[in-house]
Amino acid sequence: MQGYSGGMELTGKLAEAFSTQVTLELTAATVYRQLAVEMDVLSLPGIAGWFRAQAGEEIVHAEKFMTHMTDRSAHPKIGEQPAPTVNVNSVADAFAASLAHEQKVSEAIRELYRLAQTEGDIDSMPLLHWFIDEQVEEEATVSEILDRVKMIGNDGSGLLRLDAELGSRSSAS
Numbered sequence: 001m002q003g004y005s006g007g008m009e010l011t012g013k014l015a016e017a018f019s020t021q022v023t024l025e026l027t028a029a030t031v032y033r034q035l036a037v038e039m040d041v042l043s044l045p046g047i048a049g050w051f052r053a054q055a056g057e058e059i060v061h062a063e064k065f066m067t068h069m070t071d072r073s074a075h076p077k078i079g080e081q082p083a084p085t086v087n088v089n090s091v092a093d094a095f096a097a098s099l100a101h102e103q104k105v106s107e108a109i110r111e112l113y114r115l116a117q118t119e120g121d122i123d124s125m126p127l128l129h130w131f132i133d134e135q136v137e138e139e140a141t142v143s144e145i146l147d148r149v150k151m152i153g154n155d156g157s158g159l160l161r162l163d164a165e166l167g168s169r170s171s172a173s
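Take 1 as the starting number for the sequence shown in the UniProt record's numbering and just add one per residue.
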């Protein structure tokens, strides 16, 4: 159980892994901001608003990790964030990129959970359980939207209806 002192302090490999997760969450926010820009370019302000709300949620996730760390006498370090590389020519592309990124974040959370188990750090488990539940919800939501986008295809009225529906999130979130 190297890296875990047995007390409440978060140290070693687990503290480093949490900092890496903070960076990943902030990177996710940047990816969602870029997806919002791409939807603005396609004149879909509702979907752009949905992606902006999602970006805000990712920042909240980073804050949760940082708070957990500082509450446990660890010093969060935000790492380098690459510029987002999203190749989006359609709404389907945007939600496919979103799903891929959520899957990457989900696996990172599972890896944190495995490390916390290995390190015997039970104090991280409630936070990580919350994130596991959150990621199941995130992936399900994006998958459902992507399925609907595929059903809509090139139907302009269907796309505008989805734009209006998803746009209601930005004011509700």
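Glycine is no exception: its CB is placed at the ideal position from the N, C-alpha and C atoms.
Being a predicted model, the structure only gives us computed values, none of them experimental.
Give the secondary structure of L44 by DSSP, where H, G and I count as helix, E and B as strand, and everything else as coil. Numbered from its first residue, the sequence shown carries residue 44 at position 44. The answer is coil: DSSP assigns L44 none of H, G, I, E or B.
Quick one: Cα of D123 to Cα of M8, how far? Within the sequence shown, residue 123 is the residue found at index 123, counting from 1. Within the sequence shown, residue 8 is the residue found at index 8, counting from 1. Approximately 7 Å between the Cα atoms of the pair.
Taking the alpha-carbon positions, what's the A17 to V86 distance? Working through the sequence shown from its first residue, we reach residue 17 at position 17. Working through the sequence shown from its first residue, we reach residue 86 at position 86. Near 25 Å, if we compare the C-alpha coordinates of V86 and A17.
Whole-angstrom distance between E138 and L42, CA atom to CA atom: The count along the sequence shown starts at 1 and reaches residue 42 at position 42. The count along the sequence shown starts at 1 and reaches residue 138 at position 138. About 24 Å.
So S19 and K104 are in contact, right, with Cβ under 8 Å, and what is the actual spacing, rounded? Taking the first residue of the sequence shown as position 1, residue 19 is located at position 19. Taking the first residue of the sequence shown as position 1, residue 104 is located at position 104. The Cβ separation is near 17 Å, so there is no contact.
Hey, quick one: how far does the alpha helix (DSSP H) through residue 242 stretch, first residue to last? This structure gives no information on residue 242, because the portion of the chain shown stretches from 1 to 173.
Please state if the CB of E58 and the CB of Y32 are separated by a distance shorter than 8 Å. Here residue 32 refers to the residue found at position 32 of the sequence shown. Here residue 58 refers to the residue found at position 58 of the sequence shown. Result yes, Cβ atoms of Y32 and E58 sit closer than 8 Å.
Rounded to the nearest angstrom, what separates D147 and Q21 at their Cα positions? Here residue 147 corresponds to residue number 147 of the sequence shown, with the count starting at 1. Here residue 21 corresponds to residue number 21 of the sequence shown, with the count starting at 1. In a straight line, the C-alpha of D147 is about 28 Å away from that of Q21.
When the Cα atoms are used, what is the spatial distance from L127 to Q117? The residue given as residue 127 occupies position 127 in the sequence shown. The residue given as residue 117 occupies position 117 in the sequence shown. If I take the Cα positions, the gap works out to 13 Å.
Span of the alpha helix (DSSP H) holding A96? Against the sequence shown, residue 96 aligns to sequence position 96. Looking at the DSSP string, the run of the alpha helix (DSSP H) that includes A96 is 91–119.
Let me confirm a value: E38 is counted as buried when at least 16 other C-beta atoms fall within 10 Å, else exposed. Which label applies? Counting from one through the sequence shown, the residue named residue 38 turns up at place 38. Result: buried.
To the nearest angstrom, how far is the alpha carbon of E144 from that of A92? One-based indexing of the sequence shown puts residue 144 at position 144. One-based indexing of the sequence shown puts residue 92 at position 92. Each residue's alpha carbon lies about 12 Å from the other.
Sort W130, F95, A94 by Cα distance to R110 and report the nearest one. Reading the sequence shown from its first residue, position 110 is the one you call residue 110. It is W130 whose Cα lies nearest to the Cα of R110.
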